[in-house]
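Under the working numbering, the first residue of the sequence shown carries the number 48, and numbering increases by one thereafter. Each residue gets a CB set at the ideal place from its N, CA and C atoms; glycine is no exception. In this text, all values refer to a predicted model and were calculated from it rather than measured experimentally. Here the structure is laid out as structure tokens; the discussion comes afterwards.
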Amino acid sequence: MIAELAVDLGAIARNAGALARLAAPARLAAVVKADAYGHGLVPVARALAPHAARLCVYALEEAVALRDAGITAPIHVLGPIAPGDLDVAHASGAAITLWDDGLYARQVASVARRRRRRFAIHAKVDTGVIRLGLTPHEAPAVLARYAATPEFELAGAFTHLAAAEEIDSTFTLEQLSRFLHATANVDVAVERHAAATAAAILWPEARLGAVRCGIGLYGIWPSAESETLMRERGLALEPALRWTTRIVALHEIDAGTTVGYGRSWRAERGARIATLPIGYAEGLPRAAGNAAHALVRGTRVPFVGRICMDMAFLDVTGVPDAANGDPVTLIGTDRGAQITAEELAAGCGTIGYEIVARLPAHVPRSYVVTEP
Ligand SMILES: *Cc1c(COP(=O)(O)O)cnc(C)c1O
């Protein structure tokens with residue numbers, strides 16, 4: 048096996064429990080979009096379902112995959128659904144996101160009428176991301192029309208926050224105020240929700256009826272601030288993913304030798320270079336070259352040279368006993384040393400979200416359920 052992704056479903060369940068306790072009485076909506084942030088949609092959804100009020104996906108295809116796997120938990124599709132797919136959406140029993148007040152809303156109603164069951168809807172209000180949603184100005188009238196449409200079951204009204212990671216920003220409070228005004232006349236039975244992981248941790252006033260947590264479920268912090276604040280409160284999140292590969296070749300090179308495409312790294316003195324059998328096609332960002340680190344025998348060693356499509360290089364000069372076949376940890380712990388998804392991401396100039404969301408589906412995942 049070229050690389051291995053081992054996912055701890057016990058850690059994911061414990062993270063869900065910790066976030067649910069933190070946010071209570073707000074309910075927990077567990078976000079499993081992007082193949083459960085690269086951790087594997089179906090096994091993760093199955094592990095989360097008992098701990099969450101519902102599962103949130105981005106695409107209808109993900110909702111259908113969950114139903115095909117026999118998962119009956121409530122589902123909310125966060126993203127857009129093409130008019131031609133509304134029958135499939137209705138048959139799946141998932142709630143959809145609606146922010147239209149014209150032809151599309153009429154198409155949704157007509158599918159529900161024809162299929163003789165109301166369509167569950169979460170109405171979206173855009174309070175400052177400029178992504179999807181009704182404007183706060185138009186929202187009150189449109190929400191009233193949704194509530195009065197017999198084919199709709201208005202289950203929720205929600206918004207998304209633009210800067211919840213920034214603990215000093217007043218923009219989150221501004222967005223919340225816009226949202227609460229826009230939804231002031233909505234029936235109290237309609238669940239209002241705004242917070243993703245960062246706001247669920249940092250902004251108690253944003254918890255409302257439910258929090259939609261993704262990244263925290265996987266034990267990855269949305270930001271350094273949220274990590275510090277949550278740790279101060281004695282709450283911990285456990286990273287759930289371990290990403291390993293093996294050394295497939297070792298080279299003793301002389302000073303002046305260059306490594307890899309473009310000859311971007313040159314040995315200043317004699318060095319030992321390990322070749323790894325993974326590259327950017329396996330999810331290791333090209334930006335890791337000459338920038339990020341991995342663990343070999345519990346020692347942090349640098350990537351040198353450019354990351355290739357399917358191969359990469361580590362300078363293991365500092366690990367004299369490194370041997371061909373040795374395990375290499377890209378994310379995880381090894382003999383007390385740890386590299387988190389956030390650290391690998393920082394080395395690549397990106398965020399933990401992008402590292403895990405781009406782990407390719409073809410890299411096999413294995414699942415374990417640890418006890419605390
Ligand atoms: C992805 C997403 C979330 C989850 O965000 P995290 O930061 O991963 O917790 C919540 N709500 C919406 C609308 C999203 O797109």
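*Are three or more beta carbon pairs between the segment 408-415 and the segment 355-364 nearer than 8 Å?*
Between the segment 408-415 and the segment 355-364, the count of C-beta pairs closer than 8 Å stays below three; the two stretches do not touch.
*Would you grab the beta carbon distance between Thr244 and Gly266 for me? Rounded to a whole angstrom, and I think it's under 8 Å.*
In fact, because the Cβ distance is near 11 Å, the residues do not count as touching under 8 Å.
*Should Gly261 be counted as a contact of ligand 1 given a C-beta to heavy atom distance under 7 Å?*
yes
_Reference Leu201; option with closest CA among Thr304, Arg153, Val237 and Gly175_ = Comparing alpha-carbon positions, the option among Thr304, Arg153, Val237 and Gly175 lying closest to Leu201 turns out to be Val237.
*asked:* Spatial neighbours of Gly421 within its chain, please: C-beta separation below 8 Å, excluding the five flanking residues on both sides.
replied: Since the first residue shown for the chain is 48 and the last is 419, residue 421 is missing from the structure and cannot be characterised.
*Quick one: is Ala191 buried, meaning 16 or more other Cβ sit within 10 Å of its Cβ, or exposed?*
exposed
*asked:* Suppose only complete runs of 3+ residues qualify. What are the beta strand (DSSP E) ranges in the segment 145-197, listed by chain order?
replied: Runs of the beta strand (DSSP E) lying entirely within the segment 145-197 and spanning at least 3 residues, in chain order: 166-171.
*Excluding sequence positions up to five away, which residues of its chain have a Cβ less than 6 Å from the Cβ of Glu272?*
So the list reads Ile214, once near-sequence residues are dropped.
_Strictly by DSSP, which residues pair up with Pro349?_
Pro349 pairs with His340.
*Identify whether Pro374 lies in helix, strand or coil by the three-state DSSP scheme.*
strand
*Which class does Ser216 belong to by DSSP, given the choice of helix, strand or coil?*
coil
*Within its chain, find whatever has a CB closer than 8 Å to the CB of Ala112; leave out the 5 residues flanking it on each side and keep chain order.*
Leu88 and Val89
*Nearest-angstrom Cβ-Cβ length linking Ala314 and Ala302, presumed shorter than 8 Å*: Your pair Ala314 and Ala302 checks out as a contact, with CB atoms roughly 6 Å apart and the cut at 8 Å.
_Neighbour-count burial assignment, Leu422, 16 or more Cβ in a 10 Å radius_ = Within the shown structure, residues of the chain are numbered from 48 to 419, placing residue 422 beyond reach of any answer.
*To the nearest angstrom, report how far apart Leu227 and Pro349 are at their CA atoms.*
Between Leu227 and Pro349, the C-alpha separation is close to 49 Å.
*Which class does Arg289 belong to by DSSP, given the choice of helix, strand or coil?*
strand
*Segment limits, alpha helix (DSSP H) that includes Ala136*: Leu133 to Ser139
_Beta-carbon proximity of Leu56 to Ala77, cut-off 8 Å_ = No, Cβ-Cβ distance for Leu56 and Ala77 is not below 8 Å.
_What would DSSP say about Leu297, mapped onto helix, strand or coil?_
strand
_CB contact flag (Pro374, Arg293, <8 Å)_ = Taking 8 Å as the Cβ cut-off, Pro374 and Arg293 qualify as a contacting pair.
*asked:* As a quick exercise: from Thr364, His184 and Ile248, pick the residue whose alpha carbon is nearest that of Leu66.
replied: Ile248
*Please report how far the alpha carbon of Thr380 lies from the alpha carbon of Ile386, in whole angstroms.*
6 Å
*asked:* Please give the ranges of any beta strand (DSSP E) in the segment 221-253, keeping only runs that are unbroken, at least 3 residues long and fully inside the region.
replied: Qualifying beta strand (DSSP E) stretches, in chain order: 238-242.
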